[in-house]
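Beneath this line is the structure, given in structure tokens, with notes to follow.
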Amino acid sequence: MLIVTSHIPAAELDGRPFAEITLEADERRLRRRVLHLPGGEEILVDFPAALTLGDGDALRLGDGRLVGIRAASEALYEVTGRDGAHLLRLAWHIGNRHQPAQIEDGRLLLRRDPVIRDMLTGLGATIRDVEAAFSPEHGAYHGHGHGSDDHALHYRR
124 MLIVTSHIPA AELDGRPFAE ITLEADERRL RRRVLHLPGG EEILVDFPAA LTLGDGDALR
184 LGDGRLVGIR AASEALYEVT GRDGAHLLRL AWHIGNRHQP AQIEDGRLLL RRDPVIRDML
244 TGLGATIRDV EAAFSPEHGA YHGHGHGSDD HALHYRR
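Residue numbers (my numbering): 124 to 280.
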């Protein structure tokens with residue numbers, strides 16, 4: 124089994140991957156996991172802390188080769204509102220129900236859920252079924268510990 128030695132964000136990629144893995148949003152959030160390459164090889168990801176892989180990122184293997192990460196197309200809702208203030212209210216209701224959402228200019232993307240669809244329709248949202256890569260927001264406390272200074276450090280980025 125090949126061992127992953129590091130994660131390389133897409134903006135810092137310094138080579139061409141020899142293989143690519145397509146993963147859904149939940150699968151791209153990992154700490155320790157075995158992933159299967161298209162050719163059947165297995166790679167072990169074992170990071171000290173969980174992280175989220177982005178579309179276009181890469182994993183460097185112990186032998187120096189790169190494995191590219193692609194975001195899979197997922198069944199989503201595209202949610203729009205009458206105006207910006209309405210869209211903000213819709214986003215608040217989605218967040219209040221702890222639903223992961225991708226926030227874009229003029230629209231929200233979220234996983235299909237008939238209960239959430241009914242709620243949003245009742246609030247006057249326009250909802251369209253789409254297939255797209257999903258990269259939801261992580262939230263204020265994502266990806267760090269809970270020591271006394273962690274919250275202040277998180278917001279310095």
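The beta-carbon is built from N, C-alpha and C at its ideal position, and this holds for glycine as well.
Please look up how many angstroms separate the CB atoms of residue 231 and residue 217, rounded, as I've assumed it's under 8 Å.
Their Cβ separation, rounded to whole angstroms, is 7 Å, which keeps residue 231 and residue 217 in contact under 8 Å.
When the Cβ atoms of the region 147-161 are set against those of the region 129-139, are three or more pairs found closer than 8 Å?
No, they do not touch.
For a minimum of 4 consecutive residues, which ranges assigned as the alpha helix (DSSP H) are wholly contained in the region 192-272?
Counting only runs that start and end inside the region 192-272, the alpha helix (DSSP H) elements of at least 4 residues fall at 207-219, 237-245.
Quick one: what does DSSP say residue 133 is sitting in, helix, strand or coil?
Here residue 133 sits in helix by DSSP.
Bridge partner(s) assigned by DSSP for residue 154
Its beta-bridge partners do not exist; DSSP assigns none.
Cβ neighbour criterion (16 or more within 10 Å) applied to residue 211
Per the 10 Å Cβ criterion, exposed.
Taking a contact to mean a Cβ-Cβ separation below 8 Å, would you say residue 161 touches residue 142 in this structure?
Contact flag set, yes.
C-alpha distance - residue 239 paired with residue 229, whole-angstrom precision:
Straight across, the Cα-Cα distance linking residue 239 with residue 229 is about 19 Å.
Roughly how many angstroms lie between the CA atoms of residue 166 and residue 207, to the nearest whole one?
Rounded to whole angstroms, the gap between the alpha carbons of residue 166 and residue 207 is 44 Å.
C-alpha gap between residue 257 and residue 186, whole angstroms
Roughly 31 Å separates the two Cα atoms.
To which residues of the same chain is residue 220 closer than 8 Å at the C-beta, ignoring the five residues directly before and after it?
If we look at residue 220 and ignore the five residues flanking it on each side, its Cβ neighbours are 239, 242.
For residue 203, which residues from the same chain have a beta carbon less than 6 Å from its beta carbon, with the 5 sequence-adjacent residues on both sides left out?
Residues 230, 249 of the same chain have their beta carbon placed closer than 6 Å to that of residue 203, with the five preceding and five following residues left out of the count.
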